[in-house]
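Each protein sequence line maps, in turn, to chains A and B.
Quick note, the first sequence lines up with residues 1 to 254 if you use this note's numbering.
Quick note, the second sequence lines up with residues 255 to 611 if you use this note's numbering.
Using N, Cα and C, we set each Cβ at its ideal position, and we do this for glycine too.
Keep in mind that this is a model prediction, so the values were computed, not measured.
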Amino acid sequence: MTLLSIRGVSKRFGGLQAVNDLSFDVAAGSIKALIGPNGAGKTTIFNLISGSLHPDRGEIVFGGAEIQAMSSCEVAVRGMVRTFQHIRLFPKMTVLENIMAGRHVHSRAGFIAGMLSLPFTWKEERRIRERSFGIMEMLGIVPHAETEAVSLAYGQQRVVEIGRALACEPKLLLLDEPAAGLNMRETNEMGRLISRIRDMGVTVLLVEHDMSLVMKISDEVVVVSYGEKIAEDRPLSIQKNREVIRVYLGDDEC
Amino acid sequence: MERKHFAVAGFTGLIVAIQLATRITGTEYFLTQLTMTAYYSLVIVGLCMLIGYAGQISLGHAGFFAIGGYVTAFLTTWDLKSNHGAFVSLLERSGALVSRQDVYGGNLLTVHPWLACVSAILLTVVVAYLVGGPVLKLKGHYLAMATLGIGIIVYRIVLGTEFLGASDGISEVPGFPLPGGLVVTGDSSLRISNYYLAWGVVILGMVLLLNLIHSRVGRALAALHGAEDAAEAMGIPTARYKLHTFVLSAVFASLAGVLLTHFNGGIGPSEAGVMKSVRYVAIVAIGGMANLWGALSMSLVLNYLSLRGYFGTYDDAVFGAILILIMLFAPDGLLRRHLFSDMKRLFSRDHAGEEAP
Ligand SMILES: Nc1ncnc2c1ncn2[C@@H]1O[C@H](COP(=O)(O)OP(=O)(O)OP(=O)(O)O)[C@@H](O)[C@H]1O
Ligand SMILES: [Mg+2]
Numbered sequence: 001m002t003l004l005s006i007r008g009v010s011k012r013f014g015g016l017q018a019v020n021d022l023s024f025d026v027a028a029g030s031i032k033a034l035i036g037p038n039g040a041g042k043t044t045i046f047n048l049i050s051g052s053l054h055p056d057r058g059e060i061v062f063g064g065a066e067i068q069a070m071s072s073c074e075v076a077v078r079g080m081v082r083t084f085q086h087i088r089l090f091p092k093m094t095v096l097e098n099i100m101a102g103r104h105v106h107s108r109a110g111f112i113a114g115m116l117s118l119p120f121t122w123k124e125e126r127r128i129r130e131r132s133f134g135i136m137e138m139l140g141i142v143p144h145a146e147t148e149a150v151s152l153a154y155g156q157q158r159v160v161e162i163g164r165a166l167a168c169e170p171k172l173l174l175l176d177e178p179a180a181g182l183n184m185r186e187t188n189e190m191g192r193l194i195s196r197i198r199d200m201g202v203t204v205l206l207v208e209h210d211m212s213l214v215m216k217i218s219d220e221v222v223v224v225s226y227g228e229k230i231a232e233d234r235p236l237s238i239q240k241n242r243e244v245i246r247v248y249l250g251d252d253e254c
Numbered sequence: 255m256e257r258k259h260f261a262v263a264g265f266t267g268l269i270v271a272i273q274l275a276t277r278i279t280g281t282e283y284f285l286t287q288l289t290m291t292a293y294y295s296l297v298i299v300g301l302c303m304l305i306g307y308a309g310q311i312s313l314g315h316a317g318f319f320a321i322g323g324y325v326t327a328f329l330t331t332w333d334l335k336s337n338h339g340a341f342v343s344l345l346e347r348s349g350a351l352v353s354r355q356d357v358y359g360g361n362l363l364t365v366h367p368w369l370a371c372v373s374a375i376l377l378t379v380v381v382a383y384l385v386g387g388p389v390l391k392l393k394g395h396y397l398a399m400a401t402l403g404i405g406i407i408v409y410r411i412v413l414g415t416e417f418l419g420a421s422d423g424i425s426e427v428p429g430f431p432l433p434g435g436l437v438v439t440g441d442s443s444l445r446i447s448n449y450y451l452a453w454g455v456v457i458l459g460m461v462l463l464l465n466l467i468h469s470r471v472g473r474a475l476a477a478l479h480g481a482e483d484a485a486e487a488m489g490i491p492t493a494r495y496k497l498h499t500f501v502l503s504a505v506f507a508s509l510a511g512v513l514l515t516h517f518n519g520g521i522g523p524s525e526a527g528v529m530k531s532v533r534y535v536a537i538v539a540i541g542g543m544a545n546l547w548g549a550l551s552m553s554l555v556l557n558y559l560s561l562r563g564y565f566g567t568y569d570d571a572v573f574g575a576i577l578i579l580i581m582l583f584a585p586d587g588l589l590r591r592h593l594f595s596d597m598k599r600l601f602s603r604d605h606a607g608e609e610a611p
């Protein structure tokens, strides 16, 4: 079953065609990788899918509904959340608070209820806290619960950002270079974490430059170059694809 | 009991202690300025919520204060006796009007203060929503300029409108009757009750805002203040939350305007002036931006000193200077959360290590 479907999507920035007539599907329950050289348009594609940018042309269908015109907030409410290539944790908030903020869409206390501290909000807060601790346990970051999130080591900030996204209980999780800046041990752990997330039933679409990680964990790979799709296949076949090899290696040889 | 309850109890104790001190020293006339200070503090804490917690500046809150004050002043002094329209008689029959005597003993038929207050708040909410919607899409200096514009517009309107008293403002505003025989009025026989009433309103406002900060909404505001795109991506409707906070702070300012106008018995155009808005922002800044208690205590001290005339002719200059100094030397505000750890770091010799990754 297809959870996300990109259909003929294009995006232009001034004179630069960042994404050109791109189409691909993401099957529910799978890990799909989106790879391509620097500047190929991967992050732009993420921005288009998640609603921070809107395509000039084409449709994006998520869970059966067209979402290309929705804001990123509306998209998140529908069950798609992302992490950022440059980590975007909430500063001046602890790890626990960051993750609790991720549960926003699953709670409802508004301004009036909050100001009056109505009894239902206490129960709700307790539930948010419990769920957040559950997520922190799964990620092994409970000892950092009360630490300011942005003061953690880089690798741990990545984990917290994923935890915040998981707190949303997304159907689809978009990870933009989750292993960037991680050492080998951390990269391996990240790979295992992503597989575990998929096993929990969350579909994952990731952008990643670390090819061994991509080949190890993904079910399918899409390759883009200059905003266009040049290949889409299973990891083993992608590794043998001449066009992909040319894009990745050929350019260096001139 | 949580920490915020201790703080509320402590502040309440301070308010009682101040009143007792004026009684013991026979300086109860100070209570008048202290009561006015309370109403200005209500503006400050509301604005602190907007600036410090939602991260949105407003240089137009004196405008909202003035909307509250002028609407209530106009409605409670506008004589409807000679107006025999159907709407007026409907209002009269439903008890929305009151008959009273003006200072010369003449009979007046005016809108009841309660209805005037509700109208003032409603108008504020409408204006704040209409203006806040487009304006809060702006950021930084642009938002500051746009809100400054709102303040200037309100100022020019009240200054240029004949029935709002033009440069004289509106006077002879009656007291505001409350249940239990309380009246918001500057009458010196009710000085003590008005002092407690005003600070009671402030403390109530503080409790509401403290609750809000520690709620789901408070967390969402902190999130959008820190990283708006990420907050949006987590499903937080950032534009709506900013707008609601703007309206909330405008209501605080407007209510303060209503009550202070009844307490003072009038309002003038200077209350809508830009220097008032600057003063409010300066006090929030020196109070530590995201620090309600800091803003409240700075408001208590600075507004009181100002109202007692300690700053003399330099009154506005003092607040302008405060704002400049804070922006130059402590842009996060003076009484901020990590003040002491920051100071320690500043004075410790090995803060070179900070730069290490
Ligand atoms: N908002 C924007 N305005 C103008 N140009 C943009 C914008 N966002 C991205 N671009 C340009 O679009 C192209 C694709 O950028 P994008 O960030 O999507 O690449 P990427 O594949 O994620 O690269 P990397 O691997 O370096 O992260 C680049 O040339 C970039 O400069
Ligand atoms: Mg990128």
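With 16 as the cutoff for other CB atoms within 10 Å, does residue i come out buried or exposed?
i, result
"B/N361", "exposed"
"A/E146", "exposed"
"B/A606", "Low confidence applies to B/A606: its pLDDT is 42, below 50, so where it sits in the model is not reliable, and the reading given next is rough at best. Label assigned to B/A606: exposed."
"A/I245", "exposed"
"A/A69", "exposed"
"B/I490", "buried"
"B/V501", "buried"
"B/H338", "exposed"
"B/G405", "buried"
"B/S336", "exposed"
"A/G181", "exposed"
"B/R494", "exposed"
"B/V270", "exposed"
"B/M460", "buried"
"B/I278", "exposed"
"B/F341", "exposed"
Tell me where the beta strand (DSSP E) around residue i begins and ends.
i, result
"B/E346", "That residue, B/E346, is in no beta strand (DSSP E); its alpha helix (DSSP H) goes A340 to R347."
"A/G24", "With the sequence shown as reference, residue 24 of chain A is identified as Phe, and Gly is not the correct amino acid for it. Segment L16 to A27, the beta strand (DSSP E) holding A/F24."
"A/N98", "Counting along the chain, A/N98 falls outside any beta strand (DSSP E), though it belongs to the alpha helix (DSSP H) covering V95 to A101."
"A/A231", "E228 to D233"
"B/E256", "Where B/E256 is concerned, there is no enclosing beta strand (DSSP E), given that its DSSP letter is neither H nor E."
Going by Cα to Cα distance, which pick from the options is closest to residue i?
i, options, result
"B/Y450", "B/M460, B/V461 and B/V438", "B/V438"
"B/S421", "B/G566, B/G306 and B/G527", "B/G527"
"A/K171", "A/A76, A/R131 and A/M70", "A/A76"
"A/V207", "A/M215, A/D233, A/D219 and A/P178", "A/P178"
"B/H259", "B/Q287, B/L463, B/V352 and B/K393", "B/L463"
"B/Y324", "B/G267, B/L513, B/R494 and B/G454", "B/L513"
"A/T94", "A/S151, A/I87 and A/Q85", "A/S151"
"A/L48", "A/S10, A/I141 and A/G181", "A/S10"
"A/S237", "A/G227, A/S218 and A/L205", "A/S218"
"B/A487", "A/V204, A/A109 and A/A101", "A/A101"
"A/E230", "A/I135, A/W122 and A/P37", "The sequence given here places Ile at residue 230 of chain A; Glu does not occur at that position. When each option's Cα is compared against that of A/I230, the closest is A/P37."
"B/M303", "B/R473, B/A485 and B/P431", "B/R473"
"B/F265", "B/D570, B/L550, B/G387 and B/L413", "B/L550"
"B/T330", "B/G519, B/F573, B/L546 and B/G542", "B/G519"
"A/I162", "A/R78, A/E186 and A/I135", "A/I135"
"A/R192", "A/G110, A/R82, A/L166 and A/L139", "A/L139"
Show which residues of chain A have a CB atom less than 9 Å away from the CB atom of residue i.
i, result
"B/I490", "C73, A76, A101, H104 and V105"
Quick test of your reading: residue i and residue j, contact by CB under 8 Å. State the CB separation rounded to the nearest angstrom.
i, j, result
"A/A40", "A/V224", "5 Å"
"A/F62", "A/L22", "About 15 Å separates the two Cβ atoms, so there is no contact after all."
"A/M80", "A/L175", "That belief does not hold up - the Cβ atoms of A/M80 and A/L175 are roughly 12 Å apart, past 8 Å."
"B/L345", "B/S353", "With a Cβ gap of about 12 Å, B/L345 and B/S353 do not count as contacting."
"B/K530", "B/Q310", "In fact, because the Cβ distance is near 19 Å, the residues do not count as touching under 8 Å."
Strictly below 9 Å CB to CB, what residues from chain B border residue i?
i, result
"A/S127", "According to the sequence as given, residue 127 of chain A is Arg; it is not Ser. Residues of chain B passing the Cβ test: none, with the nearest at roughly 11 Å."
"A/P55", "Within 9 Å Cβ-Cβ: nothing; A/P55 doesn't reach chain B, min ~17 Å."
"A/M93", "R473, A476, A477 and G480"
Would you mind telling me which residues of chain A sit closer than 8 Å to residue i, beta carbon to beta carbon, in chain order?
i, result
"B/L462", "M115 and L116"
"B/G306", "Under the 8 Å cutoff, chain A gives no residues; its nearest Cβ is about 11 Å from B/G306."
Given that residue i touches chain B, what residues does it touch there, using C-beta distances under 8 Å?
i, result
"A/R82", "A487"
"A/S52", "D483, E486 and A487"
Would you mind telling me which residues of chain B sit closer than 7 Å to residue i, beta carbon to beta carbon, in chain order?
i, result
"A/K171", "Within chain B, no residue comes near A/K171; the closest Cβ sits about 13 Å away, beyond 7 Å."
"A/A18", "Those within 7 Å of A/A18 in chain B number zero; the least Cβ separation is about 18 Å."
On the DSSP letters alone, give me the boundaries of the alpha helix (DSSP H) that residue i sits inside.
i, result
"B/S353", "Where B/S353 is concerned, there is no enclosing alpha helix (DSSP H), although the beta strand (DSSP E) it sits in stretches over L351 to Q355."
"B/A507", "T492 to N518"
"B/N465", "R445 to I467"
"B/K335", "Run containing B/K335: none; DSSP gives neither H nor E here."
Can residue i be considered in contact with ligand 4, in the sense that its beta carbon sits closer than 6 Å to one or more heavy atoms?
i, result
"B/K391", "Ligand 4 is not part of this structure, which contains only ligand 1 and ligand 2."
Please name the residues in the stretch 147-164 of chain A whose beta-carbon is closer than 7 Å to at least one beta-carbon of chain D, in chain order. In summary, chain D is missing from the structure at hand, where the protein chains are A and B.
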